[in-house]
Amino acid sequence: MPRGKRKTCSEKLEEVSGMIEALEAQIKELKAREKQLLKEKREEELKQIAELLDERDMTPEGLIEILDRLESEEE
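Here is the structure:
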């Protein structure tokens with residue numbers, strides 16, 4: 001039973017090159033999405049810190065002083 005016309009090496013190469021291009025485009029899109037998600041995550045974390053500072057009636061400078069003191073004590 002005939003299986004149809006066999007693809008030439010050039011046809012196979014063209015097909016594989018097309019698949020690679022498609023995958024590279026998908027990777028580019030995924031990297032852009034990853035970058036966006038990392039940005040959103042950082043914004044959420046900063047929002048949590050800001051809310052914590054507000055709840056404790058602290059300023060960023062006050063938090064820095066506390067962290068500096070803790071760091072000095074550990075040395």
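In our numbering, the protein residues as written are 1 to 75. Glycine included, C-beta positions come from ideal geometry on N, C-alpha and C. Here the structure is a predicted model, which is why all the values come from computation and not from measurement.
Identify the continuous alpha helix (DSSP H) that holds residue i and give its terminal residues.
i	result
Arg-83	Any property of residue 83 remains undetermined from this structure, which presents the chain solely from 1 to 75.
Arg-69	60-74
Measure the alpha-carbon distance for residue i versus residue j and round it to whole angstroms.
i	j	result
Gln-48	Ile-20	42 Å
Ala-50	Arg-42	12 Å
Ser-72	Glu-45	25 Å
Cys-9	Val-16	10 Å
With the cut-off set at 8 Å, would you say residue i and residue j are in Cβ contact?
i	j	result
Leu-70	Leu-63	no
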